[in-house]
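Position one of the sequence shown corresponds to residue 1 (my numbering), numbered consecutively onward. Here a beta-carbon is modelled for each residue, glycine too, at the ideal position from N, C-alpha and C. Here the structure is a predicted model, which means the values were calculated and not measured.
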Amino acid sequence: MLRKPIKGIVDPPGTITREYVEDYIREILPEEQGILKILMQQAQERHIPVIEPEVAALLKNIIKMSGSKKILEIGTAIGFSAILFATAAGKDASIVTIERDPDYTQEALKNIQEAKLEKTIKVIPGDALEVLPRLENIFDMVFLDGAKGHYGEMLEQSITLLKPGGLLISDNILFRGMVANDELVRRRKKTIVMRMRKYLKTITTHPQLETSILPVGDGLAISLKNQEEEI
Ligand SMILES: C[S@@+](CC[C@H](N)C(=O)[O-])C[C@H]1O[C@@H](n2cnc3c(N)ncnc32)[C@H](O)[C@@H]1O
1 MLRKPIKGIV
11 DPPGTITREY
21 VEDYIREILP
31 EEQGILKILM
41 QQAQERHIPV
51 IEPEVAALLK
61 NIIKMSGSKK
71 ILEIGTAIGF
81 SAILFATAAG
91 KDASIVTIER
101 DPDYTQEALK
111 NIQEAKLEKT
121 IKVIPGDALE
131 VLPRLENIFD
141 MVFLDGAKGH
151 YGEMLEQSIT
161 LLKPGGLLIS
171 DNILFRGMVA
181 NDELVRRRKK
191 TIVMRMRKYL
201 KTITTHPQLE
211 TSILPVGDGL
221 AISLKNQEEE
231 I
């Protein structure tokens, strides 16, 4: 049964962890350096929703721990996370990232060039719903960070593109807490919330996936694709 928020001790809608905890974590994490620091500042100033610092720190470690080199991202924006992934994956990394907004695509290409990572990161312009069925490479990790209402439609393609033992990481899955509590849901967001709940139900019960859900950033789901013999 869902517990209701208790008056007086719940953070304002929009946060899924206590603000003081989030502030503390952000304070102790070392700042990104170089172009990542510049891009993070730009994103904050221009309200571009790039991954939060604590999510960036977690994903860097996941990439290093899992030895992921071939990474597919849906939702490039200005290229912050793609550059972060390429840096974390190191030598022999190969990042493919899909972006449907032409202005962001251009900006990401410029930033990737500035980071001297144009050989490592390939930006595919277009809607992931159309691009995914055309991809043939197999990836170690897929990062879903595009339109939240469409994760469900991208799920089976993403699983197909993952190697056995690969990782599917879905961002923003708690959507400012709304996914976890009806009282926080704003009317215009109802459809996204319903779709996200359905997506979470699917990935937590999917026969090919082992999923954990973490209340970090805006909510992160980490799904491990089973080895073939476990299916
Ligand atoms: C949250 S931002 C991505 C942030 C980026 N991953 C980062 O952390 O640096 C989401 C991006 O996904 C793009 N997007 C949304 N739906 C998409 C789709 N179906 N196909 C491709 N791009 C999409 C949006 O245009 C937006 O730039």
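* Delimiting residues of the alpha helix (DSSP H) encompassing Pro-53 -> In the sequence shown, the residue the question calls residue 53 occupies position 53. It spans 53-66 - the alpha helix (DSSP H) in which Pro-53 sits, taken as one unbroken run.
Problem - Straight-line gap, Leu-29 to Leu-36 (C-alpha atoms, nearest Å) - result: Numbered from 1 along the sequence shown, position 29 holds the residue referred to as residue 29. Numbered from 1 along the sequence shown, position 36 holds the residue referred to as residue 36. Approximately 14 Å between the Cα atoms of the pair.
With distances taken Cα to Cα, identify the nearest neighbour of His-150 among Ala-128, Ile-121, Lys-69.
Start at 1 with the first residue of the sequence shown, and residue 150 comes out as number 150. Nearest of Ala-128, Ile-121, Lys-69 to His-150, Cα basis: Ala-128.
Taking the Cβ atom as the reference point for each residue, do Val-50 and Ala-57 lie within a distance shorter than 7 Å? One-based indexing of the sequence shown puts residue 50 at position 50. One-based indexing of the sequence shown puts residue 57 at position 57. Going by beta carbons, Val-50 and Ala-57 fall outside the 7 Å limit.
### Message
For a quick check, are the C-beta atoms of Asn-256 and Asp-101 less than 7 Å apart?
### Response
Since the first and last residues shown for the chain are 1 and 231, residue 256 lies out of range.
In three-state DSSP terms, what is Met-196?
Start at 1 with the first residue of the sequence shown, and residue 196 comes out as number 196. Correct three-state label for Met-196: helix.
### Query
What does Ala-221 pair with, by DSSP beta-bridge criteria?
For the purposes of this step, residue 221 is taken as the residue at position 221 of the sequence shown. Ala-221 pairs with Ser-170, Ile-213.
| Would you say Arg-100 touches ligand 1, meaning its beta carbon is less than 6 Å from a heavy atom? | The count along the sequence shown starts at 1 and reaches residue 100 at position 100. Yes, ligand 1 has a heavy atom inside 6 Å of this Cβ.
C-beta atoms of Ile-78 and Glu-107 nearer than 7 Å: The sequence position of residue 78 within the sequence shown is 78, counting from 1. The sequence position of residue 107 within the sequence shown is 107, counting from 1. Closer than 7 Å, so yes.
| query | Between Lys-70 and Ala-88, is the Cβ-Cβ spacing less than 7 Å? | reply | Here residue 70 is taken as the residue at index 70 of the sequence shown, counted from 1. Here residue 88 is taken as the residue at index 88 of the sequence shown, counted from 1. Contact flag unset, no.
Review point. Relative to ligand 1, is the shortest distance from any of its heavy atoms to the C-beta of Pro-49 smaller than 6 Å?
Key: Translated into the one-based positions of the sequence shown, residue 49 becomes position 49. Flag set: Cβ of Pro-49 near ligand 1.
ask   = Just how far apart, CA to CA, sit Ser-158 and Thr-204?
value = Taking the sequence shown and counting its residues from 1, the one referred to as residue 158 is at position 158. Taking the sequence shown and counting its residues from 1, the one referred to as residue 204 is at position 204. Answer to the nearest angstrom: the Cα atoms are 15 Å apart.
Relative to ligand 1, is the shortest distance from any of its heavy atoms to the C-beta of Gly-75 smaller than 6 Å?
Translated into positions along the sequence shown, residue 75 becomes position 75. Yes; taking the cut-off as 6 Å, the Cβ of Gly-75 has a heavy atom of ligand 1 nearer than that.
Within a Cβ cutoff of 7 Å, which residues of the same chain sit near Pro-125, ignoring the five residues on either side of it in sequence? Numbered from 1 along the sequence shown, position 125 holds the residue referred to as residue 125. Closer than 7 Å at the Cβ level, and outside the excluded window around Pro-125, lie Glu-99, Pro-102, Thr-105.
Under 6 Å from any heavy atom of ligand 1, does the C-beta of Phe-175 make it? Along the sequence shown, read from residue 1 onward, the residue named residue 175 stands at position 175. For ligand 1, no non-hydrogen atom lies closer than 6 Å to the CB of Phe-175.
### Message
Given 6 Å as the limit, tell me if Ser-81 has its C-beta closer than that to any heavy atom belonging to ligand 1.
### Response
By one-based count along the sequence shown, residue 81 stands at place 81. Yes; taking the cut-off as 6 Å, the Cβ of Ser-81 has a heavy atom of ligand 1 nearer than that.
* **DSSP bridge partner residues for Pro-125 (one or two, in chain order)** => In the sequence shown, counting from the first residue as 1, residue 125 sits at position 125. Answer by DSSP bridge pairing, in chain order: Glu-99.
Fill in: With 16 other Cβ atoms within 10 Å as the buried cut-off, status of Tyr-199
For this step, residue 199 is matched to residue 199 along the sequence shown. So Tyr-199 counts as buried.
Under the rule that 16 or more other beta-carbon atoms within 10 Å means buried, what is Glu-118, buried or exposed? The residue you call residue 118 lines up with position 118 of the sequence shown. In summary, Glu-118 is exposed, with fewer than 16 beta-carbon neighbours lying within 10 Å of its beta-carbon over all protein chains present.
Check your understanding: Counting along the chain, where does the beta strand (DSSP E) carrying Phe-80 start and finish?
Key -> On the sequence shown, residue 80 is found 80 positions in, with the first residue counted as 1. Looking at the DSSP string, Phe-80 is not in any beta strand (DSSP E); the run it does join, the alpha helix (DSSP H), is 80-89.
Contact belief for Ile-16 with Gly-152 at Cβ below 8 Å, rounded distance in angstroms: Locating residue 16 in the sequence shown gives position 16, where the first residue counts as 1. Locating residue 152 in the sequence shown gives position 152, where the first residue counts as 1. About 21 Å separates the two Cβ atoms, so there is no contact after all.
For Ile-71, write down the residues that DSSP places opposite it in a beta bridge.
Along the sequence shown, one-based indexing puts residue 71 at 71. Its beta-bridge partners are Ile-95, Met-141.
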